[in-house]
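In UniProt numbering, the protein residues as written are 1 to 389. Ideal placement from N, C-alpha and C gives every residue a C-beta, glycine not left out. One structure is given here, and the rest of the page talks about it.
So this is what it looks like as structure tokens:
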């Protein structure tokens with residue numbers, strides 16, 4: 001038996017934020033990040049709409065990029081004191097991921113973070129105290145429709161993906177007006193994150209007839225709109241906001257692969273933005289995985305109209321396309337080009353490789369990988385060497 005889970009309701013298009021006026025409840029905690037939602041007036045809108053719905057609100061703000069275990073636990077304590085029946089998070093992937101984890105520990109204070117991280121797809125039931133509304137301002141993580149939350153333990157230098165269908169929000173509000181506030185670099189990184197989600201979902205362990213159409217259509221939409229979105233075109237921003245949501249619904253159910261495993265672990269050590277790391281690693285991972293799913297990658301290339309007389313040429317066209325997108329948006333092609341010093345990389349590569357193999361995303365990668373192979377993956381991506389193993 002298999003499962004396909006998405007939010008009960010997805011509201012999308014301009015002014016979809018207004019649905020908050022019709023929410024039924026008594027108290028809501030609003031979780032936000034560093035201040036952009038306040039600066040652009042969206043936080044005021046959320047508070048005003050909830051007030052119109054006669055819902056009392058309390059703000060948890062200042063969630064950092066790559067939210068920490070400590071931030072999550074502090075937020076859960078605030079929720080315990082306020083007792084909300086709605087949790088509303090607005091912003092990028094970080095505040096929404098943090099709010100999901102806060103929600104978990106608000107409802108289950110008996111859990112430790114270590115226990116939660118180990119309970120992959122087996123977390124205790126939620127919605128005993130509150131339901132969850134996610135409002136993304138970036139077009140990449142798709143955490144508004146996924147069963148995941150990524151939290152960083154800075155002391156251990158590890159990013160932990162919490163994974164369970166319980167963490168899928170009840171309501172996602174995908175209003176493109178919020179995404180129009182993204183600066184170009186963030187637009188590039190989040191857009192490539194969305195592309196990686198869709199490509200990995202198309203070859204992942206739990207891919208199905210339910211996830212394939214979402215994944216491959218999202219890939220095509222990203223190809224068509226990411227560069228225009230990067231240049232600031234409003235219609236392209238709206239289409240990318242939808243594409244990343246489709247990719248999220250696909251990977252939340254099909255799962256991901258080692259591009260994300262590698263990105264999680266290097267992000268915790270060298271603090272490379274997640275989407276940027278995915279953009280760098282993606283061509284290397286495709287070349288590694290093609291030994292077992294070349295036909296799937298070739299199908300993507302054909303769907304996109306890329307050139308190639310056989311599957312090998314089509315896969316090369318796909319990796320070339322990803323690299324060309326990176327170049328066009330000023331994303332490095334290697335870890336060395338990103339600026340990681342070789343001595344520091346060599347000191348940490350075994351540590352990252354060990355943790356990447358243990359990452360929750362590794363088990364759903366189409367090709368099995370050893371620690372030695374993972375170390376080679378990082379090293380090849382550092383130097384820009386084509387995968388030959």
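Query	Result
Collapsed DSSP secondary structure at residue 149 in the structure displayed	strand
Where the beta strand (DSSP E) through residue 9 begins and ends	9-12
Helix, strand or coil at residue 6 according to DSSP, with G and I counted as helix	coil
CB contact flag (residue 80, residue 109, <8 Å)	yes
Three-state secondary structure (DSSP) of residue 213	helix
Closest residue to residue 232 among 182, 388, 383 (Cα-Cα distance)	182
Exposed unless 16 or more other CB atoms sit within 10 angstroms - verdict on residue 14	exposed
Whole-Å CB distance - residue 281 paired with residue 381, under 8 Å assumed	6 Å
Residue interval of the beta strand (DSSP E) (run including residue 91)	86-91
7 Å CB neighbourhood of residue 211 in its chain, flanking five on each side removed	201, 250, 253, 254
Residue 141 in three-state terms, based on DSSP	coil
Closest Cα partner of residue 337 within the set 383, 371, 297	383
Best match in 264, 180, 285, 323 for proximity to residue 36 [C-alpha to C-alpha]	180
Residues near residue 367 by beta carbon distance below 7 Å, same chain, minus five either side	288, 289, 291, 292
Residue 58 - partner residues in DSSP beta bridges	29
For residue 160, three-class secondary structure by DSSP	strand
At least 3 beta-carbon pairs within less than 8 Å: the region 157-177 vs the region 214-228	no
The region 370-379 / the region 352-359 touching (three or more Cβ pairs under 8 Å)	yes
Per DSSP, cross-strand counterpart(s) of residue 399	The shown model of the chain, from 1 to 389, leaves out residue 399, and the question about it has no answer.
Nearest neighbour of residue 360, chosen from 343, 278, 262 [CA to CA]	262
Beta-carbon separation (whole angstroms), residue 378 vs residue 349, contact threshold 8 Å	5 Å
Three-way DSSP call (helix, strand, coil) for residue 68 in this model	strand
Limits of the unbroken alpha helix (DSSP H) element including residue 341	Element bounds for residue 341: n/a, residue is neither H nor E.
Three-way DSSP call (helix, strand, coil) for residue 332 in this model	coil
Counterpart residues of residue 136 in DSSP-defined beta bridges	91
Residue burial classification, residue 115 (beta-carbon count within 10 angstroms, cutoff 16)	exposed
For residue 84 and residue 9, the rounded distance between their alpha carbons	20 Å
7 Å CB neighbourhood of residue 241 in its chain, flanking five on each side removed	139, 174, 176, 179
Helix, strand or coil at residue 131 according to DSSP, with G and I counted as helix	strand
Proximity below 8 Å, CB of residue 189 to CB of residue 247	no
C-beta contact flag for residue 94 and residue 66 at 8 Å	yes
Residue 310 - DSSP class collapsed to helix/strand/coil	coil
Inter-residue spacing [alpha-carbon to alpha-carbon] between residue 415 and residue 364	This structure leaves residue 415 out entirely; the chain is present only between 1 and 389.
Identity of the residue in 29, 305, 244, 160 nearest residue 82 by Cα	29
Closer than 8 Å to chain C by CB, residue 11	The structure shown contains no chain C, having only a single protein chain.
DSSP-derived helix/strand/coil call for residue 352	helix
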